[in-house]
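Protein sequence lines correspond, in order, to chains A and B.
One gets the numbering used here by counting positions in the first sequence from 1 and adding 168 to each.
One gets the numbering used here by counting positions in the second sequence from 1 and adding 168 to each.
The C-beta atom is built at its ideal place from N, Cα and C for all residues, glycine as well.
Okay, structure first, notes after.
2 protein chains.
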Amino acid sequence: MKTYFECIPCFLRQAIDTIRRVTDDEAVHEQIVRKVLFAISEMDMQKSPPVMAQRIHRLIRGFTGETDPFKQAKKDSNRFALKLFPELQKKVDSSDSPLETAVRLAIAGNIIDLGAKHQLDEVNDETICKTIEDSLTAPFAADVLDDFREAVKRATDILYLGDNAGEIVFDRLLIEQMPRGKITFVVRGTPVINDATIVDAQMTGIVDIVNVIDNGSDGPGTILKTCSDEFRRRFEAADLIIAKGQGNYETLSGVPKDIFFLLKIKCPVIARDIGCEVGAMVLQRNADSL
Amino acid sequence: MKTYFECIPCFLRQAIDTIRRVTDDEAVHEQIVRKVLFAISEMDMQKSPPVMAQRIHRLIRGFTGETDPFKQAKKDSNRFALKLFPELQKKVDSSDSPLETAVRLAIAGNIIDLGAKHQLDEVNDETICKTIEDSLTAPFAADVLDDFREAVKRATDILYLGDNAGEIVFDRLLIEQMPRGKITFVVRGTPVINDATIVDAQMTGIVDIVNVIDNGSDGPGTILKTCSDEFRRRFEAADLIIAKGQGNYETLSGVPKDIFFLLKIKCPVIARDIGCEVGAMVLQRNADSL
């Protein structure tokens with residue numbers, strides 16, 4: 169997906185949110201904002217938004233030396249999601265359609281996205297719980313779910329691209345409903361925003377139930393060009409990709425692979441691109457793959 | 169008032185809204201956005217937001233050659249307000265406190281601000297009518313109104329700084345409640361966003377009831393440095409200033425003159441600066457003048 173003008177305020181908001189986690193020094197905030205504005209003024213708008221975000225977060229890391237501004241936020245999200253986990257697991261187990269319930273909850277977990285929200289405090293325990301409740305009955309593409317079920321059954325090598333810390337606990341619910349031996353779970357190579365890395369996969373026990381690799385990249389999505397050779401080989405070889413979240417959608421929606429995107433729509437640009445409303449729960453198969 | 173980071177998305181939105189009125193050519197849109205981002209990256213944040221907006225709109229005019237992108241929008245606003253005028257005049261005339269009602273309506277008229285809104289279509293006939301209705305009963309600083317009444321009575325030379333096209337029809341209601349001979353109504357020197365110029369004062373009949381001058385500037389506010397010598401002399405000599413709208417507040421709130429600001433709060437930055445909520449109706453005397 170290309171970058172739209174509407175993405176620019178979001179880049180700025182994200183940069184300011186990040187830098188405020190690193191220092192209270194307003195002079196530093198202003199320097200970063202100027203550098204970010206200059207960087208955006210030069211950007212290639214044909215590239216996806218995470219490419220710009222990657223550059224911005226590199227710039228902030230380079231300028232401040234702080235490599236993981238969302239470290240504590242990620243721990244908190246993991247802890248909160250782990251607290252909910254037993255109850256969510258019961259919901260799946262007692263459901264008439266455990267796979268559907270697990271897919272719904274995995275999408276609901278995508279609300280824990282500190283890069284996409286307009287105001288950080290919109291992602292709080294209360295909104296997460298409400299999103300979970302709503303997700304169980306929200307309108308949903310039942311026909312795509314049948315395709316998903318079939319594709320999982322037929323696939324032999326599935327890459328499950330995770331998105332955010334905390335959210336990956338919700339992914340675990342879905343992984344438990346699928347043949348684990350076929351699945352490799354993927355995290356980002358380096359911390360960026362609150363995206364999950366190997367540390368989060370360890371903290372939430374994902375590493376104990378399924379094979380986990382990282383993509384070798386610091387992009388908040390799957391920017392194949394900046395992923396490791398090893399990951400790109402795995403991506404090429406996989407016969408099914410499950411991609412969580414907006415960042416993975418933005419970076420992979422044009423890639424000719426069999427990809428199911430699972431995400432919660434948090435911004436009007438992606439809503440327009442997909443053709444749905446902000447707030448929608450999306451399970452969508454990559455049109456390019458068919 | 170200084171510029172805050174939160175103002176930056178607004179500069180961009182305003183620039184994009186403006187350039188889309190001039191051309192459908194997306195390549196031009198992108199060039200303008202890059203120039204605007206670069207300009208903002210260099211800006212002096214100690215200056216008020218209208219100083220940056222002035223620079224942005226100069227840049228757009230220079231690049232496109234279009235000197236008045238909001239020309240039609242201003243005509244439409246004037247026409248719509250003129251259609252409402254007789255009924256509003258009746259509301260004032262039949263009020264127990266005509267001055268208060270006129271002040272309330274003059275503030276309500278400040279909703280017609282195409283620079284401040286987050287989405288242009290938020291300013292439509294319906295929202296204007298709702299704002300008018302609400303304004304008659306909304307919470308309001310009654311004690312400041314007494315000061316205002318007293319100040320108008322004692323003043324000998326009043327400058328009434330107008331803000332937007334359409335809105336100036338609402339100002340007319342208030343002017344009619346004051347000694348007209350003391351009042352000079354001020355419009356911007358050159359078109360910028362939908363701010364009123366002499367053309368609007370003519371179209372709405374303000375020129376027929378009171379002396380009208382322009383400030384010689386293309387700033388969306390009263391940026392004294394870029395106003396004409398003649399206007400600055402008049403500003404200096406006046407013993408009371410009535411300043412309408414956010415732009416005049418942002419540019420004059422620190423100026424040591426007896427100024428009453430009348431405005432509708434449309435953005436969280438100004439809400440914080442004044443200490444009120446977005447949506448509030450403000451009648452405030454410049455603290456620096458006391």
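Query                                                                                                                                                                                                                         : Result
Is any beta-carbon of chain A found at less than 8 Å from that of B/S216?                                                                                                                                                     : no
In this structure, how does DSSP classify A/Q452 when only helix, strand and coil are distinguished?                                                                                                                          : strand
Output, in chain order, the set of chain B residues within a Cβ distance shorter than 7 Å of A/P177.                                                                                                                          : P177, L180
Extract the residue ranges of the beta strand (DSSP E) inside the region 422-447 of chain A, only unbroken runs of 3 or more that lie entirely within it.                                                                     : 427-432
Strictly under 8 Å for the Cβ-Cβ distance: is B/E480 near chain A by that measure?                                                                                                                                            : Residue 480 of chain B is absent from the model: chain B starts at 169 and stops at 458.
Distance check for A/R226 and B/L431, CA to CA, integer angstroms please.                                                                                                                                                     : 42 Å
Could you check if A/D382 is buried or exposed, using at least 16 other CB atoms within 10 Å of its CB as the buried criterion?                                                                                               : buried
Quick one: which chain A residues come within Cβ less than 8 Å of B/A208?                                                                                                                                                     : Strictly speaking, residue 208 of chain B in this sequence is Ile, with Ala absent from that position. Those are L205, listed as they occur along chain A.
Go through the region 292-349 of chain B residue by residue and report every complete run of the beta strand (DSSP E) that reaches 3 residues or more, in order.                                                              : 326-329
Measure the C-alpha to C-alpha separation of B/H286 and B/A439 and round it to an integer number of angstroms.                                                                                                                : Model confidence at B/H286 stands at a pLDDT of 45, short of 50, so the residue's coordinates are unreliable and nothing is read from them.
For A/R202, return the contacting residues in chain B, with the cut-off set at a CB-CB distance below 7 Å.                                                                                                                    : S209
Can you tell me whether A/D363 is helix, strand or coil according to DSSP?                                                                                                                                                    : strand
With a 10 Å radius around its C-beta and 16 neighbouring C-beta atoms as the bar for buried, classify A/A249 as buried or exposed.                                                                                            : buried
Since B/K251 is in the alpha helix (DSSP H), which residue starts that stretch and which ends it?                                                                                                                             : 239-261
Under three-state DSSP, which class holds B/L282?                                                                                                                                                                             : coil
Using 8 Å as the threshold, is the C-beta distance between A/G389 and A/P218 below it?                                                                                                                                        : yes
Using 8 Å for Cβ pairs, my map puts B/M220 next to B/F179. What's the rounded Cβ distance?                                                                                                                                    : 6 Å
How many angstroms separate the CA atom of A/V378 from the CA atom of A/V354?                                                                                                                                                 : 10 Å
Since A/I224 meets chain B, which of its residues come closer than 8 Å, beta carbon to beta carbon?                                                                                                                           : Residues of chain B passing the Cβ test: none, with the nearest at roughly 13 Å.
Across the region 336-344 of chain A and the region 252-263 of chain A, are there enough close Cβ pairs to call them in contact, namely three or more that are closer than 8 Å?                                               : yes
Spatial neighbours of A/N454 within its chain, please: CB distance less than 6 Å, with the 5 preceding and 5 following residues excluded, ordered by chain position.                                                          : I427
If I measure Cβ to Cβ from B/S263 and keep anything under 7 Å in the same chain, skipping five residues before and after, which residues do I get?                                                                            : T269
Between B/F238 and chain A, is the shortest Cβ-Cβ distance under 8 Å, so that the two count as touching?                                                                                                                      : no
Can a CB atom of chain B be found closer than 8 Å to the CB of A/M213?                                                                                                                                                        : yes
Within 10 angstroms of its Cβ, does A/D289 collect 16 or more other Cβ (buried), or is it exposed?                                                                                                                            : Since pLDDT at A/D289 reaches only 48, below the 50 mark, its modelled position is unreliable, and no value is offered.
Which stretch, first to last residue, makes up the alpha helix (DSSP H) that contains B/A195?                                                                                                                                 : 194-209
Please list, in chain order, the chain A residues whose beta carbon lies closer than 8 Å to that of B/I184.                                                                                                                   : F173
Does the CB of A/E198 have a neighbour CB from chain B at under 8 Å?                                                                                                                                                          : yes
With a threshold of 8 Å, are at least 3 pairs of Cβ atoms found where one atom belongs to the region 234-245 of chain B and the other to the region 361-372 of chain B?                                                       : yes
Measure the C-alpha to C-alpha separation of A/V450 and A/L420 and round it to an integer number of angstroms.                                                                                                                : 15 Å
Just mark A/A310 as buried or exposed, buried being the case when its beta carbon has 16 or more other beta carbons within 10 Å.                                                                                              : exposed
Determine, using beta-carbon pairs with one atom in the region 291-301 of chain B and one in the region 320-330 of chain B, whether at least three such pairs fall under 8 Å.                                                 : no
Using 8 Å as the cut-off, can you tell me whether the region 201-210 of chain A makes contact with the region 185-195 of chain B, which would need three or more C-beta pairs spanning the two stretches below that distance? : no
Span of the alpha helix (DSSP H) holding B/V460?                                                                                                                                                                              : Outside the displayed span of chain B (169 to 458) sits residue 460 of chain B, for which this structure offers no information.
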